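S.K.: Got a structure here, written out as structure tokens. Questions coming.
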Amino acid sequence: MEQKRIEVKNLTKTFGKQAVLRDISFTQNTGRSLAVLGAAASGKSVLLKTLAGLYTPDKGDVLIEGQALSIEARRPRIGMLFQKNALFDSLTIWENIAFRLLSQNMTRPEAQEKVNALLPRVGLPMTTALLYPSDLSGGMQKRVGFARAIISAPDILLLDSPTDGLDPILAARIDNMIAEETQRHGANVIAATSTLSPAYDEIAVLADGMLYWHGTRQEALASSDKHLKQLLN
Numbered sequence: 505m506e507q508k509r510i511e512v513k514n515l516t517k518t519f520g521k522q523a524v525l526r527d528i529s530f531t532q533n534t535g536r537s538l539a540v541l542g543a544a545a546s547g548k549s550v551l552l553k554t555l556a557g558l559y560t561p562d563k564g565d566v567l568i569e570g571q572a573l574s575i576e577a578r579r580p581r582i583g584m585l586f587q588k589n590a591l592f593d594s595l596t597i598w599e600n601i602a603f604r605l606l607s608q609n610m611t612r613p614e615a616q617e618k619v620n621a622l623l624p625r626v627g628l629p630m631t632t633a634l635l636y637p638s639d640l641s642g643g644m645q646k647r648v649g650f651a652r653a654i655i656s657a658p659d660i661l662l663l664d665s666p667t668d669g670l671d672p673i674l675a676a677r678i679d680n681m682i683a684e685e686t687q688r689h690g691a692n693v694i695a696a697t698s699t700l701s702p703a704y705d706e707i708a709v710l711a712d713g714m715l716y717w718h719g720t721r722q723e724a725l726a727s728s729d730k731h732l733k734q735l736l737n
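My numbering puts the sequence shown at residues 505 to 737.
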């Protein structure tokens with residue numbers, strides 16, 4: 505029997521008079537991946553940040569394995585890739601990637617060894633380790649952000665636009681790593697994305713801050729819903 509890892513109940517978030525998330529509810533079983541699609545300003549990024557505890561919902565709950573964990577208890581279990589990458593300008597690339605490991609008192613040599621093993625997997629040469637974010641292109645910064653999200657092997661990965669700005673070959677590599685995180689390591693992935701790839705088991709569509717559609721990838725591809733078809737094409 506599959507176990508629920510994430511349960512979102514009636515999640516609502518407003519900024520001023522603007523309701524960005526409206527009564528969103530869904531569940532995700534352990535080891536599943538969800539692509540969140542939607543037009544610009546549909547609430548995708550806000551949903552991820554609310555799940556991560558960066559925003560406090562005005563209403564609703566986020567349960568992890570049946571428990572309403574505090575933000576402090578939730579964050580160590582979550583790896584997040586931000587839309588704009590959110591790298592630290594004053595830290596080298598390897599220090600950016602290893603930031604959580606170092607904050608958990610892993611020694612610098614141990615952390616750097618883990619980073620060195622991960623860099624080739626995300627398509628970055630070893631020489632980037634001692635560079636700074638300003639030395640890298642936007643696509644390279646995206647891969648640094650992705651590496652930082654996965655290096656601590658979190659239970660839950662929240663990815664905002666994980667393949668934006670990447671060429672098809674690199675995008676496919678990241679998609680393969682997303683699939684590996686779920687299939688091999690049992691992680692859960694929720695990604696705000698504009699593209700549908702085989703890396704995702706399920707699809708959710710946000711429209712005007714509401715959950716318009718949610719189902720499996722196969723159901724999405726077979727659906728005759730016009731709005732869903734437009735997003736997928």
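Virtual Cβ for every residue (Gly too), placed ideally from N, Cα, C. In this text the structure is predicted, and so the values were computed from the model without any measurement.
(1) Find the nearest neighbour of residue 672 within the set 597, 573, 596, 627, judged by alpha-carbon distance.
(2) Give the DSSP bridge partners of residue 597, in chain order.
(3) Which runs of the beta strand (DSSP E) spanning at least 3 residues fall entirely within the stretch 541-621, listed in chain order?
(4) Can you give the Cα-Cα distance for residue 566 and residue 512, rounded to whole angstroms?
(5) Which residues does DSSP list as the beta-bridge partners of residue 692?
(6) Are the CB atoms of residue 584 and residue 605 nearer to each other than 9 Å?
(7) What first and last residue would you give for the alpha helix (DSSP H) that runs through residue 682?
(8) Measuring CB to CB, does residue 549 end up less than 9 Å from residue 713?
(9) Can you tell me the Cβ-Cβ gap for residue 692 and residue 536, rounded? I've got them flagged as a contact below 8 Å.
(10) Name the DSSP bridge partner or partners of residue 720?
(11) Out of 591, 677, 667, state which residue places its alpha-carbon closest to the alpha-carbon of residue 636.
(12) Measure the C-alpha to C-alpha separation of residue 570 and residue 686 and round it to an integer number of angstroms.
(13) Determine the closest residue to residue 725 out of 716, 715, 702, with distance taken between C-alpha atoms.
(14) Along the beta strand (DSSP E) that carries residue 732, what are the first and last residues, could you check?
(15) Could you pull out every residue in the same chain whose Cβ sits closer than 7 Å to the Cβ of residue 530, ignoring the five residues on either side in sequence?
(16) Tell me where the alpha helix (DSSP H) around residue 633 begins and ends.
(17) Would you call residue 649 buried or exposed, if buried means 16 or more other Cβ atoms sit within 10 Å of its Cβ?
M.R.: In brief:
(1) Taking only the C-alpha atoms, the option nearest residue 672 is 627.
(2) Looking at the DSSP assignment, residue 597 forms no beta bridge with any residue, so it has no partner.
(3) If we require 3 residues or more, the beta strand (DSSP E) runs fully inside the stretch 541-621 come out as 563-568, 582-585.
(4) Distance between residue 566 and residue 512, taken at the CA atoms: about 5 Å.
(5) In DSSP, residue 692 forms a bridge with 660.
(6) No, they are not a contact pair.
(7) Taken as a continuous stretch (DSSP letters only), the alpha helix (DSSP H) holding residue 682 covers 672-687.
(8) Contact flag unset, no.
(9) That belief holds up - the Cβ atoms of residue 692 and residue 536 are roughly 6 Å apart, short of 8 Å.
(10) According to DSSP, which records beta bridges pairwise, residue 720 is partnered with 706.
(11) Considering only alpha carbons, the answer is 591.
(12) Distance between the alpha carbons of residue 570 and residue 686 is about 20 Å.
(13) Minimum Cα distance to residue 725 is reached at 702.
(14) Note, residue 732: premise wrong, no beta strand (DSSP E); alpha helix (DSSP H) at 730-736.
(15) Closer than 7 Å at Cβ, skipping near neighbours: 512, 708, 715, 718.
(16) Where residue 633 is concerned, there is no enclosing alpha helix (DSSP H), given that its DSSP letter is neither H nor E.
(17) So residue 649 counts as buried.
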